[in-house]
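Colleague: Chains as they are written, first to last, in the working numbering: chain E, 1 to 103; chain V, 1 to 219; chain R, 1 to 648; chain A, 1 to 169; chain B, 1 to 395. Ideal Cβ placement from N, Cα and C applies to all residues, glycine included.
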Amino acid sequence: MIIPLAHILIFSLLLFATGLYGVLVRRNIIGILISIELMLNAANINLIAFSKSTSLSPETGQIFAIFVLAIAATTAAVGLAIVLALYRVRKTVYTDEVHLLKW
Amino acid sequence: MTNFPSKRKSSGIKQWDHVYTSSVQNAPSHHWLKIFGAGALKGMVVTLKNFVTSYFRKPDQGGIFTVQYPEERYPEIENYRNLPFLVYDGSPDKVRCVACGICERECPPKCIYITMETDVAGKPVRKPAVFDIDYAVCMNCGICEEVCPFDSIFMDHVFEIASPRRIDTGMIRHQEDLLKSSEYLQKIRPKTATMIDEKKRAAEEKKKAVVKPPQGPTV
Amino acid sequence: MVTSDQIILVPLLPFIAFAVNLLAGRWLKHRAAWLSVAASTIACFIAIPVCWAVFQGNHFANQGTWLMLGQTPLKFGYVMDPLSSSLLFMVTIVGTLIQIYAMGYMHGDPRYSRFFAYVSLFMSAMLTLSISDNYLLFFMSWEIMGLCSYLLIGFYFEKDSAAKAGFKAFLTTRVGDVGFLIGFLTLFSAIGTLNFSEMNALMANAHHAGAPLHAGLLSLAALLIFCGTIGKSAQFPLHVWLPDAMEGPTPVSALIHAATMVAAGVFLVARSFSLFMIVPNVLPVVTVIGTITAFMAAFIALTQTDIKRILAYSTISQLGYMVTALGLSGLGAGTFHLITHAFFKALLFMAAGSVIHGTHVQDIREMGGLFKKMPHTATTFIIASLALAGIPPLSGFWSKDEILLSAFASGHKIVFMILLLTAFMTAFYMFRLIFLTFFGQPRNLKVHAHESPAVMTAPLWALAFGSIVIGFPGSPFMHHWFQKFMAHMVHHPEYEPSAFVMACSVAAAVCGISLAGVIYLKKIRWAQKTAETFSFLYRLSLNKCYFDELYSRCIVKPFQSLGRFLFGFDARIVDGAVNGTGHATLFISAVKGWIDKYIVDGLVNFTGTLTHFLNSIVKRLQTGFVQNYLLIVFIGILVFLVWELKII
Amino acid sequence: MDMLSLIIKFGIYGTMALALIAAIAVVTLRNLFHSALCLAAVLIATAMIYAAFHADFLAAAQILLYVGAVMTLIIFAIMLTEQLGSKTIRQTNRQNLAALAGLLVFVVILGRVIFKTPWPVTEKALASKVTVMELGKAFMGPYVFPFEVISIILIAALLGAVVIAKKDR
Amino acid sequence: MNMPPLLRDIEFAVDLSFVNAKGWILDLLSHIVPDWVVVFASIVISGVAILVLGPVIMMYLTLLERKLIGRIQNRYGPNRVGIWGLLQPIADGIKMFTKEDIVPVYADKVIHCLAPIVIVIPALMVFLVVPFGERMTAVNLNIGLLYFIAVSSITTIPIFMGSWGSRNKYSLLGGMRTAAQMISYEVPMTLSVVPVIMMSQSLSTNKIVLSQSGSYDMNWFIFTPWGIVGFIIFFLCAVAECNRPPFDLPEAESEIIAGFHTEYSGMKFALFYMAEYMNAFTLCGIAATLFLGGWQGPFLPSWIWFLGKTFVLICVMIWFRGTFPRFRVDQLMGFAWKFLLPLTLINILVAGLCHFISEKTGWIYSFIIFSISFWVLVRLNRPWMPEKRHYPLAN
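1) Which residues in chain A sit within 8 Å of R:F640, going by Cβ to Cβ distance?
2) With burial defined as no fewer than 16 other Cβ atoms inside 10 Å of the residue's Cβ, what is the status of R:F397: buried or exposed?
3) Taking 8 Å as the CB-CB cut-off, is R:Q622 touching chain A?
4) Just to make sure I have the definition right: I need the residues of chain A whose C-beta is within less than 8 Å of the C-beta of R:L631. Which are they?
5) Run through chain R and tell me which residues come within less than 7 Å of A:F106, C-beta to C-beta.
6) Can you pull out the residues from the region 17-30 of chain E whose beta carbon lies closer than 8 Å to at least one beta carbon of chain A?
7) Who are the near neighbours of B:L236 in its chain, counting only those whose CB is closer than 7 Å to its CB and skipping five residues on each side?
8) Under the DSSP definition of a beta bridge, which residues are partnered with V:I153?
9) Using the rule of at least 16 other Cβ atoms within 10 Å of the residue's Cβ for burial, across every protein chain shown, is R:G582 buried or exposed?
10) Residues of chain A with CB under 8 Å from E:E59, in chain order?
11) Quick check on DSSP: helix, strand or coil for B:M278?
12) With 8 Å as the threshold, decide whether the Cβ of E:A43 is near any Cβ in chain A.
13) Would you say V:G43 reaches chain B, if we count a Cβ-Cβ gap shorter than 8 Å as a contact?
14) With DSSP run on the structure shown, which of helix, strand or coil describes B:M1?
15) DSSP state of V:Y113, grouped into three classes?
16) Sorry if obvious, but does the Cβ on R:T303 come closer than 7 Å to a heavy atom of the ligand FMN?
17) Quick check: is the beta carbon of B:F160 nearer than 8 Å to any beta carbon in chain A?
18) What did DSSP end up calling R:D306 once you bin it into helix, strand or coil?
19) List the residues that DSSP assigns as beta-bridge partners of V:P124.
20) Mapping the DSSP letters down to three states, classify R:N58 as helix, strand or coil.
21) Is the distance from the Cβ of A:M16 to the Cβ of E:F11 below 8 Å?
22) I'd like the ranges of any alpha helix (DSSP H) spanning at least 4 consecutive residues and lying wholly in the region 22-90 of chain R.
23) Identify whether V:L230 lies in helix, strand or coil by the three-state DSSP scheme.
24) Measure the Cβ-Cβ separation of R:I316 and R:A245 and say whether it is below 8 Å.
25) Against B:A240, what residues of chain A qualify as contacts under a CB-to-CB distance less than 7 Å, listed in chain order?
26) Kindly say whether A:V144, judged by its beta-carbon, lies nearer than 8 Å to any beta-carbon of chain E.
27) Mapping DSSP to helix, strand and coil, what is R:D575?
28) By Cβ distance below 7 Å, which residues in the same chain neighbour R:A163 in space, the five residues on each side in sequence not counted?
29) For the region 27-40 of chain R against the region 134-150 of chain R, do three or more pairs of beta-carbon atoms, one drawn from each stretch, fall closer than 8 Å, so that the two count as touching?
30) Taking the alpha-carbon of R:I42 as reference, which of R:L586, R:S86, R:L97 and R:G636 has the nearest alpha-carbon?
31) Taking DSSP's pairing of strands, which residues face E:N28 in a bridge?
32) Check whether the region 121-141 of chain B and the region 86-94 of chain B touch, using three or more Cβ-Cβ pairs below 8 Å as the test.
33) In chain order, what residues of the same chain lie with their CB nearer than 7 Å to the CB of R:A190, ignoring the 5 residues before and after it?
34) Quick one: measure Cβ to Cβ for B:P250 and B:G174, integer angstroms, because I've assumed they're closer than 8 Å.
35) Would you tell me roughly how many angstroms separate the C-alpha atoms of A:G141 and E:F64, rounded to the nearest one?
36) Grouping DSSP H, G and I as helix and E and B as strand, with all else coil, what is A:I114?
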């Protein structure tokens, strides 16, 4: 392990934080989806870091990372499909214009 | 032979088939024999054959017949028309053109400009003083050659006249640039030149004949 | 030989006549009379041979179960013993004659058929009563007779006095009947049976066994049964209805209020005489009531001016005589007087009826000198009066003598003296009546009297013959056959006929007649003078001892006032209570309404508004922006991290 | 601490820094297309980090899947929905300050956690290298069930996306 | 390999000439600089080799293509510049350099300029994995093939960047079409590789090539039933992957102008061009390694075998360009998804079967399966398949 584990965790934390910031702040739904991808990647890094440095059976981390990858792909696919459907219906992709479900 | 397109369950593209493949419906029964790729392979064989034979076949038997232009030239073709020139017999000052202005009027893009020469006394002399052709505008239609009653203007075979400059490109050729000898005409337009000469000779004989027996008053 | 079971036909025939008359009365019109007279004559022809057989000493009785009360069968039947046969004999004969008389009297009346229907119903009731063998059947026929008397008294119901009289009669007899009902029911609870013969057997055993069954209960039963008699036979306290009953047509008075119905009370006591004998202290009560009634009625009759009222009071006093006789345990004397009195009292009433029919006037002060105009009526009237007064050859003398004898022999000296005085008074007012109506000068010239037609006078003569003849069976000439005949019923003391008693009674009768003749034929003023001297007694007698006023004041008025009070009470208290509860419920519902509206609904609305209010706060959270929610979630996680996991 | 590992270390820190910068760019850039490309940059950077941690199969898979497929999806989506004219519209909504504050707290907290907890780093794990062969065996061995489920999920997502996105006739 | 010893030595020498050269340089350096520098140097050398090799290959590929196409179309190729037009690529290069480099006004400058760079990088990166010779693969990754597929899938992004950055409707449409094509052909390509991996039990290109050695080094995968079909599919996808005719619809001149690189000119266009040709070369190289046994060959040195095979494949590609008309878009897509993909799946099945069934019968079974599946797929895909056109009016 070339660099200490803590550094990697910090890095993934920061990555996760920026992703979360993006999700919370960005107005464009696709922007949100991108930020979600970011967060998932942060999680992946953590998985790899831990499997590399601590776990007893090293390949579990990678396998789970791969699963996370697959799931991320599915979420992206379905999410974007929904965004397209939304766009076709409402001609807008901005969250603050899509606020029908309110009091 | 063509039958109306039956409402078959077909994608958009199929609808146009009736135009091209009207006979495909009643294709031969062994249709399934033609494997999908066979057509492609046949095509490749053709190109391969062509590729290989290109090294052996003579140009006229279907081999490569490219003419390496600057080095090899393509035999001149007589009737090729590119930019008119004036003809002079003998020396450059004996110009056949009498500045009648017919070609100037007939020229569709109006690229000819003629002014008659006036002698010292101001009497028009049957010779062009200024005869300019704007080569950039000329579209090589050859109308001026046809209408010229005095066979003084002909279409040249010269095409390598590109000008490196943009502004004063020298495309407006003046009389002195346009003049070429009749031998040159003979050289590039043998058939028309000989025809003109015969016509001239006939005219002269007729004139001679005319000189001999004076004609009554022409009605 | 007539079999006994035909006796059932005797009451049935008049009932059929009643039914036919009632239903087809309008169509039958005057033919209704023939129907009822025929029914009663046929009944008479059936009854007399049976009675004759009983007179020979036979005894018939038969009974059938009428209905099953649970397990115990209720048996109804008839009994033909000396008592019932003699009554049957009297009723059939007198009834038939009166109906014949009524044909003439009621001629031209618009409700002719209805009168005969009621009379037939009365006849059938009387006949069932006489032959019934148990208290229940007896009581049923007793009640039907009360109904008939009400209907017949109130026959001229358009007259207000007739309707009132009917009503009064019905009510007063009803009082007695209630007592009678309770009496025989207590008797039933005491001895367990209603049948007369069974009762007599029980009483006989008790008599021999010495100690009667439930002395107290039986005496109570006896007293109550005697109440029935007081009510029905117009004895002392409940006699007020009989004088007013004269409002009805005269044959009714004759039949019901002279001969039969009033006799039923005495017959009741006779029928349950074995009970009265056993019970120690009831007979004296009977005696006292009887004597009081007799004396009081005679005293009132002295000053009456209405011909029918005088006869009514005389009937009451004679009934008093019968009751006293029974009280003195003189069963034979009482019943004998009952039979004889029926004959001459019916005759008196019918005669009076023909007088009224002739003169259309009932007040004797407007009559006078009718003898010449109505000889038949007058002579029969005089014969009957003589019999009533007790002149020897006539039946009245024999029966009254028997009573006086039983009084004298049994040692009741006071009772004897009163009865004797009553006899004197009876004679006096009867002949006062005769002299005022038939002799002297006609006081009202507008009155044109004329003799009644044959159909009326014939029964008069028949009855006159009857009142003469009927006395003999009980007289010494026939060896007191009647008394011996009655002895078969119940063992009671026999008395030897005493000449002294006979002499006293004859003397009393003669003095009465002569005094009346003197006063009213000669010295009319003496009457006036005595009236002034004994003005109190005179007014007392004139006003019927003020009984009506007494009753009205101490019974009717209190009841009315009680009624008014109750009405008032009801109106105010009960209605008040009801309305009160209504108002209370209204008030309570109002209050509940108010509570419901302001508290329950209030609460509900309050929760509604509360949630609305809270909602208006919380709903701000629902902005619709997805990212707001995410932020909130994130901050929540942060807080969770900081708070729970205490990371910092 | 020979030079090579030093270089590698710096390489990794460099990629991390690069990744972070790109991530911030993703989040803050106004033009969505630029942010998408920055995402691609981040993805490639993370792939490099995976490679550094000897998870090379994952690195290749990451590039193949993410950069190849997901990025294409995103860019397609951007192209299909992006209104070119609206580039100037504000990209972040009103709650960025609150979010930022929350995030700082978040980072601080977890930062403390990371530094405080003694991670059980074992030498053996550090040395281990996972080859594709082992991964294959693990996939077909203990993890065969999740593997199948993932395939089902992918198919479902595929169909779902097609159905949702298809313009209903 | 029972050649006479002398020949064998020469062959070895020639074979490993490059390797030895590199080794010689390295141990020369090791005397001078510390060892980590040596490691670094080896990386640099191979890197430089690739950087040099890439453009050169690209240039001479263009020339080769124009010569061959010319010959097919009965004309010479470029023969003005240099003896047989050998200097033509250099002339092109100069032309590209001198050409004015236009950037559209409203274009997204950053992306517009970044696109060509980003497309070249993966093209170059793929060279790491290509096994030129015996020990001449730049980096012997044990996931070499996967690396190759992953990197080749990156090319979609620069295409998007190019089409989007140039702010041009037609380039956008062309870009979308190209990306769609690239993606849809990537899937069958990846799957067609799977049988090879199954048989050679490894992802690394070296091992794949080694697993094809055997009798006279001719034990190539292409001589197995699934190998042939796999190779055909892989090669078709490769052609489609680098947008060469007959799959070059998106960026063909006569279609939507020049697809995503309409707005590009000068050096940027040259980069696009270079990337395309390098892709072509590497794809052919990988095809050769996977199916034609890479540098396996009886006599000649390994890298000559490799280059020869790749050269043959490239010629085939050019040959394709000479003969086939362009695919229509829907035929393009239909071909990938409805024809190639099912075929690859069947191919994997057959590969599995062949692995277990004996040599002889294996061929028969696979032939039967393939013919049936082939026939079924043709029947199924009738709607978009181009039919032979008859021109009734012509005769």
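Modeller: Short version:
1) Here the premise fails: no neighbours, minimum Cβ distance about 11 Å.
2) buried
3) no
4) Q95, A98, A99 and G102
5) L638
6) A17, T18, G19, L20, Y21, G22, L24, V25, R26, R27, N28 and I30
7) L340
8) V:L86
9) exposed
10) V130, E134, L135 and A138
11) helix
12) no
13) yes
14) Note that B:M1 scores 49 on pLDDT, short of 50, meaning its location in the model is unreliable and no value can be drawn from it.
15) strand
16) For the structure depicted, the ligand FMN is absent and the ligand set is empty, with no information on it obtainable.
17) yes
18) strand
19) V:T118
20) coil
21) yes
22) 31-55
23) Chain V is shown only over 1 to 219; residue 230 of chain V falls outside these bounds and no answer can be derived.
24) no
25) By Cβ distance, chain A contributes nothing, its closest Cβ being about 15 Å from B:A240, past 7 Å.
26) no
27) helix
28) G154 and F157
29) no
30) R:L97
31) E:Y94
32) no
33) L213, H214, L217, L218 and A221
34) 5 Å
35) 14 Å
36) helix
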